[in-house]
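Basically my numbering = 1-based index in the sequence shown + 1. Below is one structure, written out as structure tokens; comments come after it.
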Amino acid sequence: MVQSVSELDSDEHYADIYFQLNENTQNTNSSVTLHPDTGDLYIYYQNPGYLIRFTENSEVDTLATLEFESNFGQVLDVHPEDKNLLFWDSGVGRVHSFDLNERSLERLDESHNHMNQFGHAATLGEDGTIYAMGGYGYWTFKNLLIEYIHEEQQWELVSIPDPNLVPKNNLGLLLHHDDTFTYFTMPLDQTVGHNLVYTFKPAENRWEYNETVTSLLSQRTIDVERSASYYRQTSTQAVDREKHLFGFLNNASSQNDLAYILNYRDNEMYELDLSQFSIYDAKNIFYSSKQDRWVILGHPFSTNRRDHLIVKTIPFNPDHPAFTRIEAEQEFELVSMVILGGFGGLFVLLLGWLAYKTITTTEAGTSPHSKNVTISKNDNSEIEIYFEGERFNYSGDIYLTRFIEVIYDMKINGISEMLISDLDQKLFSENTHASYMSRTRKKLIQVINQESNINLIEERKSQTDKRVKVIYLNLDKIKIIP
2 MVQSVSELDS
12 DEHYADIYFQ
22 LNENTQNTNS
32 SVTLHPDTGD
42 LYIYYQNPGY
52 LIRFTENSEV
62 DTLATLEFES
72 NFGQVLDVHP
82 EDKNLLFWDS
92 GVGRVHSFDL
102 NERSLERLDE
112 SHNHMNQFGH
122 AATLGEDGTI
132 YAMGGYGYWT
142 FKNLLIEYIH
152 EEQQWELVSI
162 PDPNLVPKNN
172 LGLLLHHDDT
182 FTYFTMPLDQ
192 TVGHNLVYTF
202 KPAENRWEYN
212 ETVTSLLSQR
222 TIDVERSASY
232 YRQTSTQAVD
242 REKHLFGFLN
252 NASSQNDLAY
262 ILNYRDNEMY
272 ELDLSQFSIY
282 DAKNIFYSSK
292 QDRWVILGHP
302 FSTNRRDHLI
312 VKTIPFNPDH
322 PAFTRIEAEQ
332 EFELVSMVIL
342 GGFGGLFVLL
352 LGWLAYKTIT
362 TTEAGTSPHS
372 KNVTISKNDN
382 SEIEIYFEGE
392 RFNYSGDIYL
402 TRFIEVIYDM
412 KINGISEMLI
422 SDLDQKLFSE
432 NTHASYMSRT
442 RKKLIQVINQ
452 ESNINLIEER
462 KSQTDKRVKV
472 IYLNLDKIKI
482 IP
């Protein structure tokens with residue numbers, strides 16, 4: 002029997018959480034985790050340092066205002082043994098523990114702020130060991146795996162794989178299970194939909210390309226890299242270890258309503274349509290063993306409420322229509338057909354391919370080349386942008402909001418080029434790391450160009466001074482409506 006959405010979506014947990022975002026809680030250097038024992042969600046906002054708790058009973062309170070010296074952001078998780086919160090530098094280095102009973106912060110390490118692996122993928126071992134993979138620091142992308150051992154109070158190198166096998170990058174995902182690491186990433190020169198998956202067995206000191214899971218991910222336009230509006234999290238609390246399931250979000254768009262659940266033992270994957278549960282622009286996904294449900298943090302689907310955070314819980318039920326099973330590509334299917342059908346089968350396949358090619362070529366030639374881009378301001382002086390008459394909803398994404406304001410101002414003033422440095426000042430706070438700004442800027446440009454179906458915006462060298470880079474805006478494709 003297929004369950005309805007109302008039967009799947011519980012009203013018992015987090016049901017009344019409706020957290021309004023403001024200028025202090027929309028900054029990007031934010032981290033979130035789920036406590037496996039209590040089901041409480043903890044969100045840390047770098048500026049002004051708020052640590053906020055959401056409980057299953059829908060209580061929201063600020064536990065503390067935390068200060069870290071030379072703070073470029075913190076990663077947050079729960080120590081599996083003492084159940085206190087762990088904080089460590091987003092560039093790897095200092096490690097702190099927050100005692101939930103005493104509400105006090107204590108430094109644990111004898112290290113320093115490395116500033117060497119910004120945007121690293123992270124997870125915890127069963128004993129609380131912190132594992133960090135990839136990242137960016139000192140003008141170089143990384144592919145090294147390191148660990149923080151609490152008894153040693155230091156970070157140690159675990160492995161540096163061959164970069165010809167495992168590419169250097171940041172913002173990937175790291176899963177730890179059964180004495181094995183699974184690492185999700187993509188090459189630096191690739192874009193959305195080119196994810197690669199690798200496994201590492203420490204006992205054998207061996208990295209391998211995981212062709213099966215890579216093939217599964219290739220069936221959808223999935224971006225495993227974190228989006229600009231995503232709250233930083235580790236993979237520790239996104240795993241159902243009894244069912245061997247790992248949950249992650251699709252960050253191909255900054256407005257995300259899709260999640261994916263991977264069975265890492267049986268190599269099966271399911272797509273979860275979050276819009277059926279009134280979730281728009283999901284921020285994070287966790288698994289609560291206490292509830293045996295997946296916990297989704299995001300915005301409500303209503304367009305006038307996207308400056309709020311809500312929490313939904315969803316049980317894993319592949320029979321529900323919100324779940325779609327994704328099949329891996331059958332690599333030898335065509336060869337089998339040729340062998341079974343002989344030359345006659347090959348001839349039929351060739352004719353079919355030629356017919357398909359003719360149809361798709363004709364359709365490509367007659368399809369519209371671009372969408373109409375129109376921008377206006379509503380009665381509340383809010384900018385609205387339309388692609389071919391369809392409104393593009395971006396509320397709640399602070400970077401998209403700022404970026405579209407820049408586009409509007411450039412069109413109004415007839416400016417087609419802007420220095421990258423000037424754009425970054427308009428988009429980011431003063432202490433934002435250069436690598437983060439670059440990656441986020443490229444992701445924003447990608448989102449706008451995908452929605453408009455043209456290269457509306459591009460980075461290139463200035464026409465007047467080849468030494469500097471600018472963004473170029475195709476003003477002819479934009480219409481301002483008074």
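We put the CB at the ideal spot given by N, CA and C, even for glycine.
Rounded to the nearest whole angstrom, the C-alpha separation of Gln118 and Gly135 is 6 Å. Less than 8 Å separates the beta-carbon of Ile297 from that of Ala283. Arg233 sits buried, since 16 or more C-beta atoms from the chains shown fall within 10 Å of its C-beta. Per DSSP, the continuous beta strand (DSSP E) segment holding Met270 begins and ends at 269-274.
The beta-carbon separation of Leu86 and Tyr43, rounded to 6 Å, stays under the 8 Å limit for a contact. The stretch 124-139 makes contact with the stretch 168-182, as at least three CB pairs between them are under 8 Å. Glu148 and Thr130 have their C-alpha atoms some 7 Å from each other. Close CB contacts of Arg108 within its chain, under the 7 Å cut and outside five residues either way in sequence, are with Arg95, His97 (chain order). Residues of the same chain with a CB within less than 8 Å of the CB of Arg207, apart from the 5 flanking positions on each side, are Phe201 in chain order. DSSP places Thr222 outside both helix and strand once states are collapsed to three, so it counts as coil. If you look at Arg440, you'll find it in the alpha helix (DSSP H) that goes 435-453.
Between Ile18 and Ile311, the C-beta gap is smaller than 8 Å, which places the two residues in contact. For Met411, the uninterrupted alpha helix (DSSP H) run begins and ends at 399-413, by DSSP. For Val198, DSSP records a beta bridge to Phe185. Taking C-beta atoms as the reference points, Thr34 and Gln238 count as a pair closer than 8 Å. A Cβ-Cβ contact shorter than 8 Å links Tyr271 with Arg326. Cβ-Cβ separation between Val93 and His115: approximately 5 Å, consistent with a contact (criterion under 8 Å).
Ranked by how close their Cα comes to the Cα of Thr124, the residues Ile150, Glu212, Pro164 have Ile150 in first place.
In the structure shown, the three-state DSSP call for Lys313 is strand. The shortest C-alpha to C-alpha distance from Lys480 to any of Phe182, Asn454, Lys412, Val448 is the one to Lys412. Remark: C-beta atoms of Val198 and Thr181 do not approach each other more closely than 8 Å.
Contact annotation: Phe317 and Trp295 have beta-carbon atoms nearer than 8 Å.
Taken atom to atom, the span from the alpha-carbon of Phe99 to that of Asn72 is near 16 Å.
In this structure Asn264 does not touch Ile223 by the C-beta definition: roughly 16 Å separates them, more than the 8 Å allowed.
A direct Cα-Cα distance of roughly 10 Å separates Pro162 from Glu209. A direct Cα-to-Cα measurement between Val407 and Ile449 gives close to 13 Å.
Restricting attention to beta strand (DSSP E) runs no shorter than 3 residues, the stretch 27-73 encloses them at 31-35, 42-46, 51-55, 61-66, ordered along the chain.
In the three-state DSSP reduction, Thr235 falls in the coil class, being neither helix nor strand. Judged by DSSP in its simplified three-state form, Thr213 adopts helix.
Take Asn456, set aside five residues on each side of it, and the residues of its chain with a beta-carbon closer than 6 Å to its own are Asn450, in chain order.
Taking all protein chains in view, the Cβ of Gln426 is surrounded by fewer than 16 other Cβ atoms within 10 Å, so the residue is classified as exposed. Looking at Asp423, Gln292, Asp267, the one whose alpha-carbon comes closest to that of Thr56 is Gln292. Residue range 421-428 is occupied by the alpha helix (DSSP H) that includes Ser422. A distance below 6 Å between beta-carbons, with the five flanking residues on each side excluded, links Tyr387 to the following residues of its chain, in chain order: Thr375. Here the C-alpha atom of Tyr473 lies approximately 25 Å from the C-alpha atom of Glu226. A direct Cα-to-Cα measurement between Val159 and Leu145 gives close to 8 Å.
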